[in-house]
Amino acid sequence: METVTRFAPSPNGYLHLGHAFSALFAHDIAQSREGRFLLRIEDIDGPRSRPEFAASFRRDLEWLGLEWDEVPAQSKRLASYSDAATRLRERGHLYECTCTRAEIASLPKRVGEDGVQYPGSCKGQAIDSSGPAALRLDLDKVLASSRKLTWEDERFGQVVADPREFGDIVLVRKDLPASYHLAATLDDAADGITLVTRGEDLFTSTHVHRWIQELLELPVPKYIHHPLINDVDGLKLSKSRGSPTLKDRRESGEDGRVLADQLRQRMTFAGT
Numbered sequence: 002m003e004t005v006t007r008f009a010p011s012p013n014g015y016l017h018l019g020h021a022f023s024a025l026f027a028h029d030i031a032q033s034r035e036g037r038f039l040l041r042i043e044d045i046d047g048p049r050s051r052p053e054f055a056a057s058f059r060r061d062l063e064w065l066g067l068e069w070d071e072v073p074a075q076s077k078r079l080a081s082y083s084d085a086a087t088r089l090r091e092r093g094h095l096y097e098c099t100c101t102r103a104e105i106a107s108l109p110k111r112v113g114e115d116g117v118q119y120p121g122s123c124k125g126q127a128i129d130s131s132g133p134a135a136l137r138l139d140l141d142k143v144l145a146s147s148r149k150l151t152w153e154d155e156r157f158g159q160v161v162a163d164p165r166e167f168g169d170i171v172l173v174r175k176d177l178p179a180s181y182h183l184a185a186t187l188d189d190a191a192d193g194i195t196l197v198t199r200g201e202d203l204f205t206s207t208h209v210h211r212w213i214q215e216l217l218e219l220p221v222p223k224y225i226h227h228p229l230i231n232d233v234d235g236l237k238l239s240k241s242r243g244s245p246t247l248k249d250r251r252e253s254g255e256d257g258r259v260l261a262d263q264l265r266q267r268m269t270f271a272g273t
């Protein structure tokens, strides 16, 4: 089977070194296996998604010396998200939730490894459908009706998918047609991704994605969760923390191919 990887950034800010590492990692694995490397723009984050950021992403990847095939952005796939949500609702896997953040904060806390979970207050309740409502996964019902699931990670081996730490996670947001979890899982299937490469900070998300694949009868790719690039303080690079951007480095005259080679020196684990 041909190896197909992807880099799927959200155009709500400029890329930084962590993004460069992820893109290079996915690109180089595909190239080493004579496969394909795809670019997908995840642009359904409302007004935060801006076309100038996506245009900058393409210039950054060219500057790093990468080649790719671009697939349709998420904004072109809204019907697929709606269809999937409808199927899950018809099977009783989703329920409406109208709780605000303030209301959730006031509820009795249920804490897991990934933080405070939603305690299921709207589950089984009559919901006023006149206002906005999110759609949550009824995890208790899902887990009771299916078998044990696993996925193959090229770095960590076979992993049992256990999404309980997330609780009843939102799959369709009040203000958006899909959450990251639903949209990314559907998109990877539609794009024929055979190896999902991403940072180890998203490792726990794969527990949820594996169950979405099962519920929607989607193909199951292999995974590899790579280490993160941290700043001088040992913290994860992020847009929200104002980490230095690739755009700034590119426009300052830095050689992107030299930077790419420097980042490749950190790829010393399985799969590279």
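The working numbering puts the last residue of the sequence shown at 273; the count rises by one with no breaks. Note that the Cβ used here is the ideal one computed from N, Cα and C, for glycine as well.
Would you kindly check if the distance between the Cβ of residue j and the Cβ of residue i is under 7 Å?
i: Leu108; j: Ser122; result: yes
i: Leu39; j: Leu264; result: no
i: Lys223; j: Leu196; result: yes
i: Ala86; j: Val173; result: yes
i: Ala27; j: Thr6; result: yes
i: Glu97; j: Ala55; result: no
i: Ile225; j: Arg156; result: yes
i: Ser76; j: Glu43; result: no
i: Val72; j: Asp192; result: yes
i: Gly125; j: Thr99; result: no
Can you give the beta carbon distance from residue i to residue j, rounded, assuming they're within the 8 Å contact cut?
i: Arg199; j: Trp152; result: So it is not a contact: roughly 13 Å between Cβ atoms.
i: Arg41; j: Ala74; result: 7 Å
i: Leu177; j: Gly47; result: 7 Å
i: Glu255; j: Pro228; result: Between Pro228 and Glu255 the Cβ distance is about 23 Å, and since that is not below 8 Å, they are no contact.
i: Lys149; j: Val161; result: 6 Å
When the Cα of residue i is compared with those of the options, which residue comes out closest?
i: Gln118; options: Arg102, Val160, Pro133, Gly132; result: Arg102
i: His20; options: Asp129, Ala31, Phe58; result: Phe58
i: Gly14; options: Arg51, Leu216, Ser147; result: Arg51
i: Ser23; options: Asp262, Gly257, Ile230, Glu53; result: Ile230
i: Leu183; options: Asp163, Ile30, Gly125, Leu217; result: Leu217
i: Arg88; options: Asp70, Gln214, Lys175; result: Gln214
i: Glu53; options: Ile105, Leu16, Arg34, Gly257; result: Leu16
i: Thr34; options: Glu104, Val161, Met2; result: It is Arg, not Thr, that sits at residue 34 in the sequence shown. It is Met2 whose Cα lies nearest to the Cα of Arg34.
i: Leu95; options: Thr207, Asp262, Ala179, Pro220; result: Ala179
i: Arg165; options: Ile105, Ala106, Pro120; result: Pro120
i: Ile45; options: Val221, Lys175, Trp69, Gly158; result: Lys175
i: Arg90; options: Asp70, Thr205, Lys142; result: Lys142
i: Val221; options: Thr205, Ile194, Thr246, Phe8; result: Ile194
i: Thr205; options: Asp163, Ala31, Ser146; result: Asp163
Worksheet item: Looking at C-beta atoms only, is the number of pairs between the region 163-177 and the region 138-149 that lie closer than 8 Å three or more?
Response: yes
Worksheet item: Looking at C-beta atoms only, is the number of pairs between the region 181-190 and the region 80-98 that lie closer than 8 Å three or more?
Response: yes
Worksheet item: In the region 57-124, which residue ranges form an unbroken alpha helix (DSSP H) of at least 4 residues, counting only runs that do not cross its ends?
Response: 79-91, 102-107
Practice prompt. Can you check the region 114-199 for any alpha helix (DSSP H) of at least 4 residues that lies completely inside it and give the ranges in chain order?
Written response: 140-145, 181-191
Item to complete: Say whether the region 55-69 touches the region 245-264, bearing in mind that this needs 3 or more beta-carbon pairs closer than 8 Å, one atom from each stretch.
Response: yes
Worksheet item: Of all the beta strand (DSSP E) runs that stay within the bounds of the region 2-41, which reach a length of 3 or more residues?
Response: 5-8, 37-40
Practice prompt. Please go through the region 197-232 and give each complete beta strand (DSSP E) segment of 3 or more residues, from N-terminal end onward.
Written response: 223-227
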